[in-house]
Every structure is written in C-alpha cells, then in structure tokens.
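Participant: Those letters in the sequence shown? Residues 797 to 1012, by my numbering.
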Amino acid sequence: MAAPGSAQPCPAAIPPGLSAMPVASNVASAGLGLDIRQVQGKEDLATILDRTEQQWRKAGHAVRRDTTAGWQVLSALGGDCLVTLQLVPQGSKGSFGYLSRGRKATASLRAVTPAALGVPLPPGATLASSVASNDDGRRGVTMALHSRMPVPQLRQFYMQQLAASGWRATRAHDIDDRQRGAGMTFITAQRDRRQISIVIWPDVPSQIILTAVEAL
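Below, the structure is given as structure tokens:
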C-alpha cells in the first residue's frame, strides 16, 4: 500500500449510507476550486463516519477527524485534492451535512478577482477571506475585509469610487442596531450585468462584507 495521501486521487464516490444533492460547483476559496454537495442519511453520524474513515484509510488516504462548531468533520487528503465530510445529527437517528471536494482552482476561477469585476477596495484594507465562483460564465466574488477607516469615511469612499468607476443606481442607507449599540451601512450599485452589495459596520477595526456578481 502506498504511503497515506502520497499520490492517491481523492475519494470519488459518495460515502455509503448517504444521498447527495449538488449545492455549488466551480467555487474557489483559499486557492481551492470546490464542489459542494448536501448529504443526508438514515444512520447516525458515528456509524457513517466510522465506516467512511475505514474505507478512506484502507484506500491509502491521509485521514483526519475533528469537531468544529458542532459539526463532526472527516477529511481525506489526496495527491492533488482534499475531500471533507461534515455531519450533524438529524432527527432521532439520521445525519445531515455537506461533502466538499477541493482541487487547485482553475485559471478561470483564479481570474475572478475584485479588480476583474471593477470593485474598488479601501486603501490599507486587510482581506480576511475571499470566495469566488464562475457558474457557466456568471462570475462572482464575496469578500470579508477589515479597515482602520471609520464607517462614515468608508461610506464616503465607496459612494465616490463606485460613481467614478462607472457604477450606476448607487444607493446607501444606514440602520441603527440598538442591540449592538451601533449602526450598519448598506450600499448597492449596478454596472451593466454586474451588481454589488456592501455591508459595513463599526468594530475595531471596521468590518466590511462585499459581494459582486454578474446577473443572468
């Protein structure tokens, strides 16, 4: 048997005892191109995970098992990919979760960037996470950013930069969040087939969630 994970392809089959439904494909995160399926089964999660772990180990994969935010997670590392099965209990005996397969993102996915979609980013902002997609040519990106600029300054930056970059129908509105003792700012705009939405709220530093997509 080859050393675990040395050059083995990732597990291709849906683990026994689970049915699967596609959720997303051609999605990129942290440099990986992801294919995600929703799965569910009638057996308890321990039975499914124990059986799947044995099968993946027997096939020579490097397998890891963990618990994250209430999910039971089983991962298998192949020569050029990563498969993750995460489950939670469903009902009295069943299981529910997601199966994802990740490979190095294709060039078309790596090309989906804020700059490619004409999205301005605040100077000095720090990228916390980025997820890109290319669904039959319909590109999109969602980003989480941190900025030392206060919310009013970020609001002004986006309103000015979106207008200067040719975005139209630009709107902004502010909502007071009394529970958090702070407000949130929502900004939306359009340019040709592209749509952008931005949510900003105060923290240390300021937090930004930005989504830009190409409409059908």
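Glycine is no exception: its CB is placed at the ideal position from the N, C-alpha and C atoms.
(1) If you draw a straight line from the alpha carbon of valine 835 to that of serine 891, how long is it in whole angstroms?
(2) Using a threshold of 9 angstroms, state whether the C-beta atoms of serine 993 and valine 947 are closer than that.
(3) Can you give me the C-alpha to C-alpha distance between valine 995 and leucine 1006, rounded to a whole angstrom?
(4) Based on the DSSP output, what are the partners of glutamine 1003 in its beta bridges?
(5) What does the Cβ neighbour count give for histidine 969, buried or exposed, with the cut at 16 atoms within 10 Å?
(6) Pull up the distance between the alpha-carbon of lysine 854 and that of serine 961, whole angstroms please.
(7) First and last residue of the alpha helix (DSSP H) that includes proline 885?
(8) Does the Cβ-Cβ distance between serine 943 and isoleucine 1004 come in under 9 angstroms?
Facilitator: Reading from the atomic positions:
(1) Reading the sequence shown from its first residue, position 39 is the one you call residue 835. Reading the sequence shown from its first residue, position 95 is the one you call residue 891. If I take the Cα positions, the gap works out to 8 angstroms.
(2) Here residue 993 refers to the residue found at position 197 when the sequence shown is read from its first residue. Here residue 947 refers to the residue found at position 151 when the sequence shown is read from its first residue. In this structure, valine 947 does not lie closer than 9 angstroms to serine 993 by Cβ.
(3) Locating residue 995 in the sequence shown gives position 199, counting from the first residue. Locating residue 1006 in the sequence shown gives position 210, counting from the first residue. Valine 995 and leucine 1006: Cα-Cα distance of roughly 7 angstroms.
(4) Within the sequence shown, numbered from 1, the residue matching residue 1003 stands at position 207. Per DSSP, His942 and Trp997.
(5) Position 173 of the sequence shown, counted from the start, is the residue given in the question as residue 969. Result: exposed.
(6) Within the sequence shown, residue 854 is the residue found at index 58, counting from 1. Within the sequence shown, residue 961 is the residue found at index 165, counting from 1. The straight-line gap from Cα to Cα measures roughly 55 angstroms.
(7) Position 89 of the sequence shown holds residue 885. Here proline 885 belongs to no alpha helix (DSSP H); instead the beta strand (DSSP E) covers 877–886.
(8) Taking the sequence shown and counting its residues from 1, the one referred to as residue 943 is at position 147. Taking the sequence shown and counting its residues from 1, the one referred to as residue 1004 is at position 208. In this structure, isoleucine 1004 lies closer than 9 angstroms to serine 943 by Cβ.
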